[in-house]
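K.L.:
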């Protein structure tokens, strides 16, 4: 959306977050969100198809930027690291870390929002796989690198928003990858070529 | 549900699958599913809360059995392998591999069903994490082992149902784990103890 329209969308997101925290997602109506943001219901629906989507205002832009980063990566011979690095280096702060933290809690506490979040995460995985395939990565490798990479990053991201200690997302992601190394059994024999 | 009631539930699942294949998930009503299974709509709702759930009739039983297997595992010092082994050795054939294959296609093709499937997968992950915690596995390790283990298995399961070559799910899961070994960067230094 044009920059001059961003104000209303941001206000709607913040208003929705406040109301979901105060009275719960199920008990909040689009009319209340619009009122709190001082816009009409009609304006709400110009930005968002429903009250779930108001917490995912940036998801298309984020997904597009991440996919482009895969397509632009100088080297994809280590696809799992490409995925986790791109995710860890992305600017997730958006409306600010405090808002991200509140958003994370509200989503985790509401099945309707969690469902939407899982679908968005799956959409990202599907497009990551396609992007890796375009870069010449073999199908099974692309699938596993995208799916596992997202889980490694998600573990770090959860720590990032749950803790209030100013930890660095990049370092937390590296730590999650180091932990994964300890979990994967040692590579007993050199693997054959992957078809 | 008692065994003597299983017949109607199975018939409803098979009827729903046929109708979703023939005319799509969105275009199919509960009334049509009940008619095809030769039961009343009221009987449908005794078994399932909505038309999505009819393809997930076994999900509670499956999740409970898998969680119990984690609690009963003789050794959880390699939690990622515990997760993938338990998933790979479970009897997924249910109504038969042919039905599983059709179910997998129908879910993948319908966003409404895919959403429900993702929620079920997340429920399994959450309970796996709790079960590993009960077995004394540290929090970050439990999270990563459960989430990554499910992805490794899901990659193998997708191959199992997508290919019609009688491949063994256990071998496909081992192959997915071997592929993950090649993707995770070598463990440059011995990791310190995980808190």
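Residue numbers (my numbering), protein chains in the order written: chain A, 428 to 622; chain B, 428 to 622. Glycine residues also receive a C-beta, built at the ideal position from the N, C-alpha and C atoms.
Can you name the residues of chain A whose CB is closer than 8 Å to the CB of residue 546 of chain B?
P.N.:
As a first step, residue 546 of chain B must be located in the second chain, where it is residue number 119. In chain order: 538, 541, 542, 545.
K.L.:
Mind checking which residues open and close the alpha helix (DSSP H) that includes residue 494 of chain A?
P.N.:
Indexing the first chain from 1 puts residue 494 of chain A at position 67. Unbroken alpha helix (DSSP H) run through residue 494 of chain A: 486-499.
K.L.:
Let me know if residue 561 of chain A comes out buried or exposed under the rule of 16 or more other beta-carbons within 10 Å of its beta-carbon.
P.N.:
Reading the first chain from its first residue, position 134 is the one you call residue 561 of chain A. Under this definition residue 561 of chain A is an exposed residue.
K.L.:
Considering only residues of the same chain and omitting the five flanking positions on each side of residue 496 of chain B, which have a CB-CB separation below 6 Å?
P.N.:
On the second chain, position 69 is the one that residue 496 of chain B refers to. Result list for residue 496 of chain B: 513, in chain order.
K.L.:
Would you decide whether residue 596 of chain B is buried or exposed? Buried here means 16 or more other CB atoms lie within 10 Å of its CB.
P.N.:
Counting from one through the second chain, the residue named residue 596 of chain B turns up at place 169. With 16 or more other Cβ atoms within 10 Å, it is buried.
K.L.:
Indicate the three-state DSSP secondary structure (helix, strand or coil) for residue 518 of chain A in the structure shown.
P.N.:
The residue you call residue 518 of chain A lines up with position 91 of the first chain. Of the three classes helix, strand and coil, the one that applies to residue 518 of chain A here is coil, per DSSP.
K.L.:
Can you find the residues in the same chain that come closer than 8 Å, C-beta to C-beta, to residue 444 of chain A, ignoring five residues on each side of it along the sequence?
P.N.:
Locating residue 444 of chain A in the first chain gives position 17, where the first residue counts as 1. These residues qualify, in order along the chain: 482, 526, 529, 530, 533.
K.L.:
Are there 16 or more other CB atoms within 10 angstroms of the CB of residue 401 of chain B, so buried, or fewer, so exposed?
P.N.:
Examination of residue 401 of chain B is not possible in this model, given that chain B is present from 428 through 622 alone.
K.L.:
My output table needs one value for residue 594 of chain A: the three-state DSSP class, helix, strand or coil.
P.N.:
Within the first chain, numbered from 1, the residue matching residue 594 of chain A stands at position 167. Here residue 594 of chain A sits in coil by DSSP.
K.L.:
What are the boundary residues of the alpha helix (DSSP H) that residue 588 of chain B is part of?
P.N.:
Here the question's residue 588 of chain B lines up with position 161 in the second chain. Run containing residue 588 of chain B: 566-589, per the alpha helix (DSSP H) assignment.
K.L.:
Please look up how many angstroms separate the CB atoms of residue 611 of chain B and residue 553 of chain A, rounded, as I've assumed it's under 8 Å.
P.N.:
In the second chain, the residue the question calls residue 611 of chain B occupies position 184. In the first chain, the residue the question calls residue 553 of chain A occupies position 126. No, residue 611 of chain B and residue 553 of chain A are not in contact; Cβ-Cβ is about 22 Å, not under 8 Å.
K.L.:
Measuring only between beta-carbons, confirm whether residue 530 of chain A sits less than 8 Å from chain B.
P.N.:
Numbered from its first residue, the first chain carries residue 530 of chain A at position 103. For residue 530 of chain A, the answer is no, since every Cβ of chain B falls outside 8 Å of its Cβ.
K.L.:
Considering only C-alpha positions, which residue in the set A:566, A:549, A:542, A:539 is nearest to residue 490 of chain A?
P.N.:
What you label residue 490 of chain A is simply residue 63 of the first chain in a count that begins at 1. Ranking A:566, A:549, A:542, A:539 by Cα distance to residue 490 of chain A puts A:549 first.
K.L.:
Excluding the 5 residues preceding and the 5 following residue 500 of chain B in the sequence, name in chain order all residues of the same chain whose CB lies nearer than 6 Å to its CB.
P.N.:
Sequence index remark: in the second chain, residue 500 of chain B carries index 73 (1-based). Answer for residue 500 of chain B: 509, listed in chain order.
K.L.:
Output the boundary residues of the alpha helix (DSSP H) element that contains residue 374 of chain A.
P.N.:
An answer regarding residue 374 of chain A cannot be provided, because it is not within the stretch 428 to 622 covered by chain A.
K.L.:
Comparing C-alpha positions only, which one of B:547, B:591, B:613, B:434 sits nearest to residue 479 of chain B?
P.N.:
Sequence index remark: in the second chain, residue 479 of chain B carries index 52 (1-based). For residue 479 of chain B, the nearest C-alpha among the options comes from B:547.
K.L.:
Excluding sequence positions up to five away, which residues of its chain have a Cβ less than 8 Å from the Cβ of residue 457 of chain A?
P.N.:
As a first step, residue 457 of chain A is located in the first chain; it is residue number 30 there, counting from the start. Contacts found: 468, 471, 472, 477, 478.
K.L.:
So with CB distances below 7 Å, who are the chain B contacts of residue 572 of chain A?
P.N.:
As a position in the first chain, residue 572 of chain A is number 145, starting the count at 1. Simply 610.
K.L.:
Thinking C-beta only, is residue 511 of chain A closer than 8 Å to residue 604 of chain A?
P.N.:
Counted from its first residue, the first chain places residue 604 of chain A at position 177. Counted from its first residue, the first chain places residue 511 of chain A at position 84. Yes; because the gap between Cβ atoms is below 8 Å, this pair is in contact.
K.L.:
What residue from A:607, A:573, A:519 has the CA that sits closest to residue 584 of chain A's CA?
P.N.:
If you number the first chain from 1, residue 584 of chain A lands on position 157. Selected option, being the one with the closest Cα: A:519.
K.L.:
Strictly under 8 Å for the Cβ-Cβ distance: is residue 575 of chain B near chain A by that measure?
P.N.:
Translated into positions along the second chain, residue 575 of chain B becomes position 148. Interface residue, yes.
K.L.:
Are any of the Cβ atoms in chain B nearer than 8 Å to that of residue 535 of chain A?
P.N.:
Numbered from 1 along the first chain, position 108 holds the residue referred to as residue 535 of chain A. No, residue 535 of chain A does not count as interfacial toward chain B.
K.L.:
Mind checking residue 576 of chain A: buried by the 16 CB within 10 Å criterion, or exposed?
P.N.:
Within the first chain, the letter at position 149 stands for residue 576 of chain A. So residue 576 of chain A counts as buried.
K.L.:
Helix, strand or coil, according to DSSP, for residue 455 of chain A in the structure here?
P.N.:
In the first chain, residue 455 of chain A corresponds to position 28, counting from 1. If DSSP states are grouped into helix, strand and coil, residue 455 of chain A belongs with coil.
K.L.:
With DSSP run on the structure shown, which of helix, strand or coil describes residue 477 of chain B?
P.N.:
Mapped onto the second chain, residue 477 of chain B falls at position 50. Reduced to three states, the DSSP call for residue 477 of chain B is coil.
K.L.:
Can you give the Cα-Cα distance for residue 586 of chain A and residue 592 of chain A, rounded to whole angstroms?
P.N.:
Stepping through the first chain from its first residue, residue 586 of chain A is reached at position 159. Stepping through the first chain from its first residue, residue 592 of chain A is reached at position 165. Using only the alpha carbons, I get a separation of about 10 Å.
K.L.:
In chain A, which residues lie less than 9 Å from residue 501 of chain B when you measure between Cβ atoms?
P.N.:
Here residue 501 of chain B refers to the residue found at position 74 when the second chain is read from its first residue. Per Cβ cutoff of 9 Å: no residues; residue 501 of chain B is ~17 Å from chain A at best.
K.L.:
So for residue 448 of chain B, helix, strand or coil by DSSP?
P.N.:
Along the second chain, one-based indexing puts residue 448 of chain B at 21. Helix at residue 448 of chain B.
K.L.:
For residue 469 of chain A, does the three-state DSSP call read helix, strand or coil?
P.N.:
The residue labelled residue 469 of chain A in the question sits at position 42 within the first chain. Residue 469 of chain A falls in the helix class under three-state DSSP.
K.L.:
In three-state terms, what does DSSP make of residue 560 of chain B?
P.N.:
To locate residue 560 of chain B, count along the second chain from 1; it is residue 133. Residue 560 of chain B falls in the helix class under three-state DSSP.
K.L.:
Would you say residue 480 of chain A faces chain B, with C-beta separation under 8 Å as the test?
P.N.:
Along the first chain, one-based indexing puts residue 480 of chain A at 53. Judged by the 8 Å Cβ criterion, residue 480 of chain A is not in contact with chain B.
K.L.:
Would you tell me roughly how many angstroms separate the C-alpha atoms of residue 613 of chain B and residue 579 of chain A, rounded to the nearest one?
P.N.:
Translated into positions along the second chain, residue 613 of chain B becomes position 186. Translated into positions along the first chain, residue 579 of chain A becomes position 152. When rounded, the distance between both Cα atoms is 16 Å.
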